[in-house]
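K.L.:
Below are the structure tokens for one structure; questions will follow.
2 protein chains.
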Amino acid sequence: MSDMLVRKLEYFTRLSGEDKRVLKRASEGKIRRFGARVDVIREGEAPEHVNLVLSGWACRYKYLEDGRRQIMSYFVPGDTCDLGVFLLRSMDHSIGTLTAVTMAEVSREAVLEMTGNHSRVSNALWWSTLVAEAVQREWVVNIGQRTAFERIGHLLCEIFIRLRCVGLTTDASCEFPITQAELGEATGLSTVHVNRTLQELRGSNLIVLRDKVLTIPDLAALQRASMFSPNYLHLDREGAHFDANDL
Amino acid sequence: MSDMLVRKLEYFTRLSGEDKRVLKRASEGKIRRFGARVDVIREGEAPEHVNLVLSGWACRYKYLEDGRRQIMSYFVPGDTCDLGVFLLRSMDHSIGTLTAVTMAEVSREAVLEMTGNHSRVSNALWWSTLVAEAVQREWVVNIGQRTAFERIGHLLCEIFIRLRCVGLTTDASCEFPITQAELGEATGLSTVHVNRTLQELRGSNLIVLRDKVLTIPDLAALQRASMFSPNYLHLDREGAHFDANDL
DNA sequence: CGTCCCCTTGAATGAAGTCAATACGCGTGG
DNA sequence: CCACGCGTATTGACTTCATTCAAGGGGACG
């Protein structure tokens with residue numbers, strides 16, 4: 005079940021059988037199923053556990069008073085929503101689903117157990133948190149500096165690579181269940197402009213996007229066109245010195 | 005010296021004398037002085053310690069290939085630049101000064117000592133990290149959804165409040181040594197447009213900004229005008245249940 | 001068959017960027 | 001002391017990227 009998480013963490017360091025068991029146990033607590041476009045937790049509420057996405061897509065978002073919505077992060081399988089949340093009394097944003105989603109609720113105790121007694125697992129989880137922060141920063145760069153074309157291209161590169169890390173791509177394709185409106189909310193663009201920009205990307209043969217399936221025939225080309233560098237995802241086993249030696 | 009940090013952390017929880025001593029010790033290691041507009045660490049380099057700003061302003065930034073620069077965070081006294089950095093092999097962004105800056109280099113060992121053996125200090129430091137993340141997310145909202153007017157207003161509110169937390173404001177004023185160009189790099193606006201927007205803010209009597217001094221005559225009004233809510237700064241002593249009881 | 005959601009398109013508008021020139025303060029060196 | 005250069009702030013005119021408004025098309029589903 006938590007295969008995706010293990011798979012992702014091994015981009016940082018090799019985990020031992022025991023490490024994997026610990027992770028598995030933590031993610032086999034309470035499982036919740038959500039429909040599409042449903043809130044998991046809302047701004048103002050008190051966080052009670054860490055949410056781990058097992059399947060489906062979710063997002064972190066915030067409404068402005070006037071109804072505009074900004075999506076601040078996408079969550080795909082293997083992603084955790086804030087390891088540290090329960091230090092805070094109340095959420096400053098909401099988490100909602102985009103598609104139908106299953107989530108594991110990881111309790112405070114389970115997190116403390118992992119971070120306190122299993123240092124390799126702890127390091128790997130902190131690494132994933134640091135990467136999530138780096139992604140957040142990259143979004144600032146993306147929205148702040150890039151044109152619509154680069155911006156959407158960049159986002160597609162990021163998502164594709166993140167999905168590939170957890171085995172959710174086949175060759176050059178992946179599921180992409182996000183509507184154009186939601187893409188707009190994530191990139192700070194209007195729906196209409198997202199639509200036109202996607203057509204441009206299609207016209208340049210950089211992407212194929214139909215029926216909720218995204219194909220990137222030449223990832224390197226898309227990366228170039230959108231000035232994407234994967235360095236901020238820190239996928240080159242930077243924690244190799246922590247490697248477990250049992251297989 | 006680390007007064008600012010202690011002062012900031014006490015917005016989360018009350019620290020004991022011992023806690024403060026531990027923090028003081030950690031920030032009294034190597035002190036470095038930088039001139040204005042100088043890099044502290046560059047993208048691609050390996051982080052070796054946590055930087056704690058003692059005085060002056062710094063920022064986190066990234067260049068795009070074509071020379072555009074995005075500032076992703078501002079650092080003011082009391083701010084630490086990434087508690088977890090040394091889990092990563094290389095920086096995915098740079099940190100540079102805006103004014104002359106003094107920084108304390110907090111060693112990996114000092115961080116481990118604080119987080120491992122002093123749980124209240126550890127919690128407080130993690131809280132400050134979580135707040136920094138919340139700020140990062142808010143910048144996405146800011147750049148993604150708000151107009152130039154709201155965007156700059158929002159940023160000024162945030163900075164003013166952060167400075168007030170560490171005692172760097174007097175009444176309605178604070179030092180504000182940021183150039184218009186740097187404001188533009190942080191908000192994703194051109195210098196020219198920043199200039200015009202500042203004039204609008206002045207014209208609405210929401211701010212006075214002259215000679216590197218910012219005055220916000222009516223903070224509540226500026227907050228309203230820029231749809232600013234301080235909730236994401238989590239300043240209402242959310243860790244009060246960890247309070248030390250000695251004074 | 002109608003409704004709803006999502007995608008698409010066109011035309012008009014608007015916010016912000018670009019280019020270019022000018023102004024101002026400040027330090028340096030003649 | 002003044003001239004010069006430099007970085008920062010300001011202004012005007014023009015352009016462009018993106019938004020808004022409005023309408024139409026297509027598929028899924030009851």
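These protein sequences, in sequence, are chains G and L. In this text, residue positions in the first sequence follow the working numbering: the first is 5, and each later residue adds one. In this text, residue positions in the second sequence follow the working numbering: the first is 5, and each later residue adds one. Beta carbons: idealized from backbone N, C-alpha and C, even for Gly. From a predicted model like this one, the values you see are computed outputs, not experimental measurements.
1. Please confirm if V105/L has its CB atom under 8 Å from at least one CB of chain G.
2. How many Å lie between R155/L and L193/G at the Cα?
3. Check distances from the C-beta atoms of the segment 66-99 of chain G to those of chain L and list, in chain order, the residues that come in under 7 Å.
4. On the premise that G33/L lies in contact with E109/L, defined as a C-beta separation below 8 Å, what is that separation, rounded to the nearest angstrom?
5. If you check the beta carbons only, do P81/L and L172/L fall under 8 Å apart?
6. Straight-line CA distance for Y65/L to R73/L?
7. In whole angstroms, what is the alpha-carbon distance linking N121/G and V89/G?
8. Using a Cβ-Cβ cut-off of less than 8 Å, list which residues of the segment 213-245 of chain L approach chain G; keep chain order.
9. Assuming G157/L contacts L223/L under a Cβ cut-off of 8 Å, what Cβ separation, rounded to an integer in Å, is found between them?
10. Could you check the C-alpha separation between A50/L and D250/L for me, to the nearest Å?
11. Judging by CA-CA distance, which residue of A104/L, S233/L, S123/L and R37/L is the nearest neighbour of K24/L?
12. Identify each residue in the segment 134-146 of chain L for which the Cβ-Cβ distance to at least one residue of chain G is less than 7 Å, and report them in chain order.
13. In terms of alpha-carbon separation, which member of P234/G, H97/G, F164/G and D83/G lies closest to K12/G?
14. Got a sec? Which residues, its chain only, sit under 8 Å from S126/G by beta carbon, not counting five neighbours each side?
15. Would you verify that the beta carbon of N127/G is, or is not, closer than 8 Å to some beta carbon of chain L?
16. So which residues on chain L does Q149/G lean against when the C-beta distance must stay under 7 Å?
17. State the Cα-Cα distance for the pair L239/G and L87/G, rounded to the nearest angstrom.
18. Spatial neighbours of C178/G within its chain, please: C-beta separation below 7 Å, excluding the five flanking residues on both sides.
19. Given H97/G, which residues of its chain have a CB within under 8 Å of its CB, disregarding the five upstream and five downstream residues?
20. For S77/G, name the three-state secondary structure that DSSP assigns.
21. Just checking my contact of D247/G with R37/G at CB under 8 Å: how many whole Å lie between their CB atoms?
22. Give the straight-line distance between the Cα atoms of V10/L and S31/L, rounded to the nearest whole angstrom.
23. In this structure, how does DSSP classify S98/G when only helix, strand and coil are distinguished?
24. Considering only their Cβ atoms, is the gap separating L91/L from L134/G smaller than 8 Å?
25. So, is the C-beta of W61/L closer than 8 Å to a C-beta in chain G?
26. To the nearest angstrom, report how far apart S208/G and E22/G are at their CA atoms.
27. Could you give the first and the last residue of the continuous alpha helix (DSSP H) run that contains F164/L?
28. Spatial neighbours of Y78/L within its chain, please: CB distance less than 6 Å, with the 5 preceding and 5 following residues excluded, ordered by chain position.
29. Among N235/G, V170/G and H197/G, which has the Cα closest to the Cα of D7/G?
30. May I ask you to report which of helix, strand or coil DSSP gives E137/G?
31. Pick out whichever of V26/G, Q140/G and R93/G has its Cα sitting closest to the Cα of W131/L.
32. In this structure, how does DSSP classify S59/L when only helix, strand and coil are distinguished?
33. For V44/G and Q184/G, what's the separation of their Cα atoms in angstroms?
P.N.:
Taking the structure as given:
1. Numbered from 1 along the second sequence, position 101 holds the residue referred to as residue 105/L. It does not: the Cβ of V105/L has no partner Cβ on chain G nearer than 8 Å.
2. For this step, residue 155/L is matched to residue 151 along the second sequence. For this step, residue 193/G is matched to residue 189 along the first sequence. Approximately 16 Å, taken between the alpha carbons.
3. Within the segment 66-99 of chain G, contact with chain L at the beta-carbon level (separation under 7 Å) is assigned to K66, L68, E69, R72, Q74, M76, G88, L91, L92, R93, D96 and H97.
4. What you label residue 109/L is simply residue 105 of the second sequence in a count that begins at 1. What you label residue 33/L is simply residue 29 of the second sequence in a count that begins at 1. Taking 8 Å as the upper bound for CB-CB distance, E109/L and G33/L are in contact here, some 6 Å apart.
5. Position 77 of the second sequence holds residue 81/L. Position 168 of the second sequence holds residue 172/L. If you check the CB distance, P81/L and L172/L come in under 8 Å.
6. Residue 65/L sits at position 61 when you count from the first residue of the second sequence. Residue 73/L sits at position 69 when you count from the first residue of the second sequence. Computed Cα separation, rounded: 7 Å.
7. The residue labelled residue 121/G in the question sits at position 117 within the first sequence. The residue labelled residue 89/G in the question sits at position 85 within the first sequence. Per the coordinates, the alpha-carbon of N121/G lies some 20 Å from the alpha-carbon of V89/G.
8. For the segment 213-245 of chain L, which is checked against every Cβ of chain G, the residues closer than 8 Å are M231, N235, Y236, H238, D240, E242 and G243.
9. By 1-based counting over the second sequence, the position of residue 157/L is 153. By 1-based counting over the second sequence, the position of residue 223/L is 219. G157/L to L223/L, Cβ: 11 Å. No contact.
10. The residue given as residue 50/L occupies position 46 in the second sequence. The residue given as residue 250/L occupies position 246 in the second sequence. Straight-line measurement puts the Cα of D250/L at about 40 Å from the Cα of A50/L.
11. Here residue 24/L corresponds to residue number 20 of the second sequence, with the count starting at 1. Measuring C-alpha to C-alpha distances from K24/L to each of A104/L, S233/L, S123/L and R37/L identifies S123/L as the nearest.
12. Contact residues of the segment 134-146 of chain L toward chain G are L134, E137, A138, Q140, R141, W143, V144 and V145 (C-beta to C-beta distance below 7 Å).
13. The residue labelled residue 12/G in the question sits at position 8 within the first sequence. Of the candidates P234/G, H97/G, F164/G and D83/G, the one whose C-alpha sits nearest the C-alpha of K12/G is D83/G.
14. Start at 1 with the first residue of the first sequence, and residue 126/G comes out as number 122. Excluding positions up to five away in sequence, the list reads M118, T119 and G120.
15. Your numbering for residue 127/G matches position 123 in the first sequence. N127/G counts as touching chain L.
16. Mapped onto the first sequence, residue 149/G falls at position 145. Ordered by position in chain L, the residues that pass the 7 Å Cβ test against Q149/G are L68, R72, Q74 and G192.
17. One-based indexing of the first sequence puts residue 239/G at position 235. One-based indexing of the first sequence puts residue 87/G at position 83. In a straight line, the C-alpha of L239/G is about 20 Å away from that of L87/G.
18. In the first sequence, residue 178/G corresponds to position 174, counting from 1. Cβ within range, chain order: F164, L167, L172 and L218.
19. Numbered from 1 along the first sequence, position 93 holds the residue referred to as residue 97/G. Its chain contains E47, R64, Y65, K66 and M76 as the residues whose beta carbon lies nearer than 8 Å to that of H97/G, once the 5 sequence neighbours on both sides are disregarded; these appear in chain order.
20. Taking the first residue of the first sequence as position 1, residue 77/G is located at position 73. Correct three-state label for S77/G: strand.
21. If you number the first sequence from 1, residue 247/G lands on position 243. If you number the first sequence from 1, residue 37/G lands on position 33. With a Cβ gap of about 36 Å, D247/G and R37/G do not count as contacting.
22. Residue 10/L sits at position 6 when you count from the first residue of the second sequence. Residue 31/L sits at position 27 when you count from the first residue of the second sequence. Here the C-alpha atom of V10/L lies approximately 11 Å from the C-alpha atom of S31/L.
23. As a position in the first sequence, residue 98/G is number 94, starting the count at 1. S98/G: strand per DSSP, three-state reduction.
24. Mapped onto the first sequence, residue 134/G falls at position 130. Mapped onto the second sequence, residue 91/L falls at position 87. Taking 8 Å as the cut-off, the beta carbon of L134/G is found closer than this to the beta carbon of L91/L.
25. Here residue 61/L corresponds to residue number 57 of the second sequence, with the count starting at 1. No - not a single Cβ of chain G is within 8 Å of the one on W61/L.
26. Taking the first residue of the first sequence as position 1, residue 208/G is located at position 204. Taking the first residue of the first sequence as position 1, residue 22/G is located at position 18. E22/G has its alpha-carbon roughly 48 Å from the corresponding atom of S208/G.
27. Position 160 of the second sequence holds residue 164/L. Element bounds for F164/L: A152 to C169.
28. Looking up residue 78/L in the second sequence gives position 74. Result list for Y78/L: C63, in chain order.
29. In the first sequence, the residue the question calls residue 7/G occupies position 3. Closest by alpha carbon: V170/G.
30. Here residue 137/G corresponds to residue number 133 of the first sequence, with the count starting at 1. Note: E137/G maps to helix in three-state DSSP.
31. Translated into the one-based positions of the second sequence, residue 131/L becomes position 127. Selected option, being the one with the closest Cα: R93/G.
32. Counting from one through the second sequence, the residue named residue 59/L turns up at place 55. In the structure shown, S59/L falls within a strand segment according to DSSP collapsed to helix, strand and coil.
33. Sequence index remark: in the first sequence, residue 44/G carries index 40 (1-based). Sequence index remark: in the first sequence, residue 184/G carries index 180 (1-based). About 22 Å.
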